[in-house]
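>
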Amino acid sequence: MDDITALILDDHHRFRVGFARLDDAKTPQELSAIWEPLALHLDIHADAEEEILYPHLLTDAGGEEAEEETDDAVRDHNKIRDGIEEAGRHPVGSDAWWKGVWQARTENSEHLAEEEDEVLPDFRKHATLELRDELARKWLAFYAEHPQGKGLDFSDKDPKKYIAEHS
26 MDDITALILD DHHRFRVGFA RLDDAKTPQE LSAIWEPLAL HLDIHADAEE
76 EILYPHLLTD AGGEEAEEET DDAVRDHNKI RDGIEEAGRH PVGSDAWWKG
126 VWQARTENSE HLAEEEDEVL PDFRKHATLE LRDELARKWL AFYAEHPQGK
176 GLDFSDKDPK KYIAEHS
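Those letters in the sequence shown? Residues 26 to 192, per the working numbering, in order.
1. Is it the case that the Cβ atoms of Thr98 and His136 are separated by a distance below 8 Å?
2. How would you write the range of the alpha helix (DSSP H) that Gln173 sits in, first residue to last?
3. What's the C-alpha gap between Asp142 and Ala31?
4. Thinking C-alpha only, which one of Pro80, Pro116, Asn133 and Ile69 is nearest Thr52?
5. For Asp147 and Glu139, I'd like the C-alpha separation in whole angstroms.
6. Could you give the C-beta distance for Tyr168 and Ala86, rounded to a whole number, given that I count them as a contact under 8 Å?
7. Just verifying my parser: in three-state terms, what is the DSSP assignment at Val144?
8. How about Ile109 and Asp68: do their beta carbons lie closer than 8 Å?
Dropping the structure here:
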């Protein structure tokens, strides 16, 4: 039996490790080799959460704070996407590139803490083990169906519209 919350936490760990590796990189080539897959993983992860986790948080496995948590998560994802996009506008390793990376990193760190301290515990309280397993299978299938983000749209989403469409 799998658990979507464990799979999400696995991704969170990979993000922390990826950002730590950036701290040790010395050349633009090293930075690019670390950043490009990390940025792509951040984008895919956000889409996976918005496709699989948050709709269930809103409809059948969230607590009283589900709408607020979802709104906050979509806004966080947008800020992370914006940082990734900003970094992509500049030469790797430049001050402007680092500014975009730093935005993605700080927004991601805040998002992970909120999700790990609020969203995932609420979800575990309200979701059955069967639902957590079902969503874990969907999570794994999502990554398999979108290798390298194929077919995904990494543009910002309107949180209010998202909640209205998924409630």
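Idealized CB from N, CA, C, for every residue including glycine.
Bear in mind that the values here come from a model prediction, so they are computed numbers and not experimental data.
Inspection of the coordinates gives the following:
1. The question names Thr, but residue 98 in the sequence shown is Ala. In this structure, His136 lies closer than 8 Å to Ala98 by Cβ.
2. Note, Gln173: premise wrong, no alpha helix (DSSP H); not H, not E.
3. 14 Å
4. Pro116
5. 11 Å
6. Their Cβ separation, rounded to whole angstroms, is 21 Å, which puts Tyr168 and Ala86 out of contact at 8 Å.
7. helix
8. yes
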